[in-house]
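Enquirer:
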Amino acid sequence: MSNPLLDYPERHYGMDHDRYNWSMLQDREPIFWPENKPLALWININLQHFPLSGEKPQAAPPGALTMPYPDLRHYTLRDYGNRVGIYRLLREIERAKATVSFAISGALTEHRPTLIEHLKSLPFEWLGHSWNMLCMQAGAVEPNRELRWITQTKAALEQAGDRRIAGWFSPGRLQTKQTPELLAQAGFKYHCDWVNDELPYKFNTDSGSLICLPSSLELDDVFVLSQNLHSEDSLEEQIKDAADALISEAQATSSGRLLCLNFHPWMMGQPHRIGTFRRILRYLLTNKGDLVWNASPSMIIEASGVHP
Amino acid sequence: MKTELDLYDYWAYRDRPKIEWPNGAKLAFWVAPNIEFYELNPPENPFRKPWPHPYPAVPGYSIRDYGNRVGHQRQMALLDKYGIRGSISLSAALCDHHPEIIDLCLERDWEFFSHGIYNTRYSYGLTEAEEREMIEDAMATIEKATGKRPAGYLAPALSHSDHTVDLFAEAGGIYTCDLFHDDQPTPVKTRSSKRFVSIPYSLELNDTIAFVVQKMEPRRYAQTIMRAFDELLAEGEQSGTVMCIPTHNYQVSCPHRIRAFEEALEYITGHSDVWVTTGREIAEYYLEHYYDTAQSTIEEARR
Numbered sequence: 001m002s003n004p005l006l007d008y009p010e011r012h013y014g015m016d017h018d019r020y021n022w023s024m025l026q027d028r029e030p031i032f033w034p035e036n037k038p039l040a041l042w043i044n045i046n047l048q049h050f051p052l053s054g055e056k057p058q059a060a061p062p063g064a065l066t067m068p069y070p071d072l073r074h075y076t077l078r079d080y081g082n083r084v085g086i087y088r089l090l091r092e093i094e095r096a097k098a099t100v101s102f103a104i105s106g107a108l109t110e111h112r113p114t115l116i117e118h119l120k121s122l123p124f125e126w127l128g129h130s131w132n133m134l135c136m137q138a139g140a141v142e143p144n145r146e147l148r149w150i151t152q153t154k155a156a157l158e159q160a161g162d163r164r165i166a167g168w169f170s171p172g173r174l175q176t177k178q179t180p181e182l183l184a185q186a187g188f189k190y191h192c193d194w195v196n197d198e199l200p201y202k203f204n205t206d207s208g209s210l211i212c213l214p215s216s217l218e219l220d221d222v223f224v225l226s227q228n229l230h231s232e233d234s235l236e237e238q239i240k241d242a243a244d245a246l247i248s249e250a251q252a253t254s255s256g257r258l259l260c261l262n263f264h265p266w267m268m269g270q271p272h273r274i275g276t277f278r279r280i281l282r283y284l285l286t287n288k289g290d291l292v293w294n295a296s297p298s299m300i301i302e303a304s305g306v307h308p
Numbered sequence: 309m310k311t312e313l314d315l316y317d318y319w320a321y322r323d324r325p326k327i328e329w330p331n332g333a334k335l336a337f338w339v340a341p342n343i344e345f346y347e348l349n350p351p352e353n354p355f356r357k358p359w360p361h362p363y364p365a366v367p368g369y370s371i372r373d374y375g376n377r378v379g380h381q382r383q384m385a386l387l388d389k390y391g392i393r394g395s396i397s398l399s400a401a402l403c404d405h406h407p408e409i410i411d412l413c414l415e416r417d418w419e420f421f422s423h424g425i426y427n428t429r430y431s432y433g434l435t436e437a438e439e440r441e442m443i444e445d446a447m448a449t450i451e452k453a454t455g456k457r458p459a460g461y462l463a464p465a466l467s468h469s470d471h472t473v474d475l476f477a478e479a480g481g482i483y484t485c486d487l488f489h490d491d492q493p494t495p496v497k498t499r500s501s502k503r504f505v506s507i508p509y510s511l512e513l514n515d516t517i518a519f520v521v522q523k524m525e526p527r528r529y530a531q532t533i534m535r536a537f538d539e540l541l542a543e544g545e546q547s548g549t550v551m552c553i554p555t556h557n558y559q560v561s562c563p564h565r566i567r568a569f570e571e572a573l574e575y576i577t578g579h580s581d582v583w584v585t586t587g588r589e590i591a592e593y594y595l596e597h598y599y600d601t602a603q604s605t606i607e608e609a610r611r
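The listed protein sequences correspond, in order, to chains U and B.
Oh and the first sequence: position 251 is 251 in the numbering used here, straight run, nothing missing.
Oh and the second sequence: position 220 is 528 in the numbering used here, straight run, nothing missing.
1) Would you mind stating whether alanine 530/B and glutamate 571/B have Cβ atoms separated by less than 8 angstroms?
2) Report the option in Glu451/B, Arg429/B and Thr454/B whose CA atom is closest to the CA atom of methionine 442/B.
3) Would you say isoleucine 425/B faces chain U, with C-beta separation under 8 angstroms as the test?
4) Taking Cβ positions only, does methionine 67/U come closer than 8 angstroms to chain B?
5) Considering Cα atoms alone, identify which of Glu419/B, Val560/B and Pro364/B is closest to leucine 386/B.
6) Please report the straight-line C-alpha distance between valine 378/B and asparagine 196/U, rounded to a whole angstrom.
7) Using the three-state DSSP reduction, which class does aspartate 206/U fall into: helix, strand or coil?
8) Quick check: the Cα distance between leucine 310/U and proline 62/U, rounded to an integer number of angstroms?
9) State the beta-bridge partners of leucine 258/U as determined by DSSP.
10) Can you grab the Cα-Cα spacing for the pair asparagine 3/U / arginine 440/B, in whole Å?
11) Listing by chain order, which chain U residues have their CB less than 9 angstroms from the CB of lysine 523/B?
12) Mind checking if valine 560/B is an interface residue toward chain U, Cβ cutoff 8 angstroms exclusive?
13) Which ranges would you report for the alpha helix (DSSP H) in the stretch 340-402 of chain B if only whole runs of at least 4 residues count?
14) Determine the DSSP secondary structure at methionine 473/B, reduced to helix, strand or coil.
15) May I ask you to report which of helix, strand or coil DSSP gives cysteine 485/B?
16) Would you report the Cα separation of proline 70/U and alanine 336/B, rounded to the nearest angstrom?
17) Contact check, tyrosine 316/B vs threonine 494/B under 8 angstroms by CB: the rounded distance?
18) Quick check on DSSP: helix, strand or coil for leucine 147/U?
19) Quick one: grab the DSSP three-state call for glutamate 218/U.
20) Which residue comes first and which comes last in the beta strand (DSSP E) that contains glutamate 419/B?
21) Anyone know if the C-beta pair for alanine 400/B and isoleucine 371/B falls short of 8 angstroms?
22) Name the two residues that bound the continuous alpha helix (DSSP H) containing histidine 17/U.
23) Name the two residues that bound the continuous alpha helix (DSSP H) containing serine 234/U.
24) Could you check the C-alpha separation between leucine 348/B and alanine 160/U for me, to the nearest Å?
25) When we look at the beta-carbon of histidine 597/B and count the other beta-carbons within 10 Å, is it buried (16 or more) or exposed?
26) So, is the C-beta of glutamate 596/B closer than 8 angstroms to a C-beta in chain U?
27) With DSSP collapsed to three states, give me the class of phenylalanine 102/U.
28) So is arginine 322/B buried or exposed if we call it buried at 16+ other beta carbons inside 10 Å?
29) Quick one, which residues of the stretch 136-163 of chain U are near chain B if we go by CB-CB under 9 angstroms, in chain order?
30) In angstroms with no decimal places, state the Cα-to-Cα distance between glutamate 35/U and leucine 210/U.
31) Is there a Cβ from chain C that is less than 8 angstroms from the Cβ of glutamine 531/B?
32) Buried or exposed: phenylalanine 504/B, going by 16 or more other Cβ atoms within 10 Å of its Cβ?
33) Classify histidine 264/U as buried or exposed, calling it buried when 16 or more other Cβ atoms lie within 10 Å of its own Cβ.
34) In the structure shown, what three-state DSSP assignment does proline 30/U receive?
35) Tell me, please, whether the stretch 477-484 of chain B touches the stretch 584-591 of chain B by the rule of three or more beta-carbon pairs shorter than 8 angstroms.
36) Hey, would you say tryptophan 131/U sits closer than 8 angstroms to serine 105/U, going by beta carbons?
Quick look at the structure:
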């Protein structure tokens with residue numbers, strides 16, 4: 001019998017799976033954003049609930065509790081984001097007249113209703129972010145259980161926010177093998193978990209197709225600051241560099257580009273980091289304001305002309 | 309298992325016969341973009357796990373796919389701008405999956421060297437005959453897609469056996485990128501006694517090592533590259549040196565890193581005494597002009 005390590009069942013043209021078609025960004029039809037601005041900007045804020053105890057998932061999300069029970073240091077530091085950090089971020093968002101979106105743990109509707117009530121008063125899109133940060137869509141999660149996390153989150157956010165929820169952002173950007181099907185079945189229009197592109201694209205499932213609006217892992221505040229251990233100044237520089245590079249590429253190729261940013265109130269809402277957040281917003285929305293179209297994820301998908 | 313590697317003899321980095329690169333250049337500079345295909349669902353290898361996450365490993369897979377979908381053309385445009393032809397470390401299966409990328413690189417007369425079939429398939433767990441089959445499959449696939457048999461090898465995901473270098477030399481290769489023992493080309497001993505060399509690649513300047521293992525900030529990476537360049541250029545006055553920047557289209561092509569990388573390339577290509585070339589050209593030039601002298605000097609030193 002031949003060695004299975006030398007057997008290549010998916011070695012053929014295109015991808016080695018059927019989730020989406022192979023295509024290079026630079027070979028696609030040009031995209032034109034509103035007012036013909038070269039760069040679209042999506043800023044997402046992740047609002048997360050980390051329970052003090054519960055069944056450990058197969059993969060831990062960034063920021064997970066790590067200490068023996070009761071892990072007060074991590075529980076309270078994450079909760080800090082929902083009591084203090086978010087209000088600092090919102091102050092700067094308002095000052096900069098920025099448009100953001102919120103990816104929200106469904107459980108915050110029960111545990112932090114005052115916060116949810118305040119978010120409801122703001123003109124920003126909401127995305128499902130699973131029920132809480134232990135409900136990780138990773139590995140062998142029983143499909144009915146995962147579907148419950150998805151539908152419960154959607155229902156809770158729709159009821160508390162009095163709005164429809166179209167987008168899903170999995171904690172840790174992880175998915176099980178059935179996540180896309182379950183999202184389609186639950187009525188979602190798009191997810192943000194595959195970081196394989198810089199523009200929205202069509203994503204196939206056995207239950208109808210979705211859009212993937214790829215978020216940026218590499219510029220995520222937690223990834224840069226707590227995994228790479230880069231300085232706040234470097235995060236700011238990297239985001240400015242990224243915006244400049246994408247703007248030049250958009251101008252050189254006459255096709256719009258997209259910059260996605262992702263911030264966590266428990267990380268970026270710290271007093272020693274909020275100035276960095278302020279300077280990032282100022283650079284993107286004031287210094288480069290003429291070149292940047294700052295919009296909600298659903299507006300960006302619509303303007304991209306990509307359909308499920 | 310051997311306790312010492314026997315692929316080369318010890319040869320001190322002093323008083324070596326002088327190497328001079330074409331047109332009197334002191335430094336041979338090459339950029340090696342790794343263009344890889346990682347499988348979403350590779351077979352389990354008993355010696356190494358391809359992904360840290362359970363199936364489907366969306367984070368790892370999707371950023372590597374980003375490299376081919378978005379990063380490749382971005383890096384190619386940058387190398388075009390500075391007149392650099394890439395020497396591609398190629399997962400041979402990419403010829404099947406993404407022939408468009410092969411065509412773009414062929415148009416630019418880039419070099420293709422072998423990096424195995426997939427970067428999720430290792431040299432581990434194969435018999436010698438099976439590893440020979442894998443190496444030959446990669447050679448034949450790349451030759452068919454590009455019209456040229458690869459001259460160099462970087463074993464897939466840097467996975468090796470005791471036979472890897474021997475097998476590659478027997479398959480017709482002339483250089484390996486798997487040895488990190490020197491800043492100049494050196495003869496490599498293989499069981500077939502073919503004329504075969506090591507060409508300095510670099511782990512220290514490899515963008516994945518820099519960004520993922522060392523967790524470098526983008527401008528520190530650029531600074532690291534420029535410092536290495538200044539030193540190797542100065543030393544090249546005595547005897548020509550080699551500097552390689554191994555890249556990945558999912559690392560250096562990210563928009564938050566490409567500006568800093570460009571600053572380094574602009575700096576390097578702004579010098580006149582640098583031979584901007586490819587891995588194959590360095591290997592061929594060395595084999596033709598310096599291999600024999602090196603062999604005899606090493607033998608003399610051993611006596």
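Every residue, glycine too, gets a C-beta built ideally from N, C-alpha and C.
Expert: Let me lay it out:
1) Using a Cβ distance threshold of 8 angstroms, alanine 530/B and glutamate 571/B count as a contacting pair.
2) Arg429/B
3) At least one chain U Cβ lies under 8 angstroms of isoleucine 425/B.
4) no
5) Val560/B
6) 8 angstroms
7) strand
8) Residue 310/U is absent from the model: chain U starts at 1 and stops at 308.
9) Ala40/U
10) When rounded, the separation of the alpha-carbon atoms in asparagine 3/U and arginine 440/B is 13 angstroms.
11) Gln227, Asn228, Leu229 and His230
12) no
13) 366-374 and 380-389
14) Note on residue identity: the sequence assigns valine, not methionine, to residue 473/B. Valine 473/B: helix per DSSP, three-state reduction.
15) In the structure shown, cysteine 485/B adopts coil according to DSSP, grouped into three states.
16) Cα to Cα, the separation comes out at about 59 angstroms.
17) 6 angstroms
18) helix
19) coil
20) 419-422
21) no
22) Taken as a continuous stretch (DSSP letters only), histidine 17/U belongs to no alpha helix (DSSP H), as it is neither H nor E.
23) 232-253
24) 38 angstroms
25) exposed
26) no
27) Phenylalanine 102/U falls in the strand class under three-state DSSP.
28) exposed
29) Ala138, Gly139 and Ala140
30) In a straight line, the C-alpha of glutamate 35/U is about 27 angstroms away from that of leucine 210/U.
31) Considering every chain present, this structure includes no chain C. Its protein chains are U and B.
32) buried
33) buried
34) In this structure, proline 30/U counts as coil in the three-state DSSP scheme.
35) yes
36) yes
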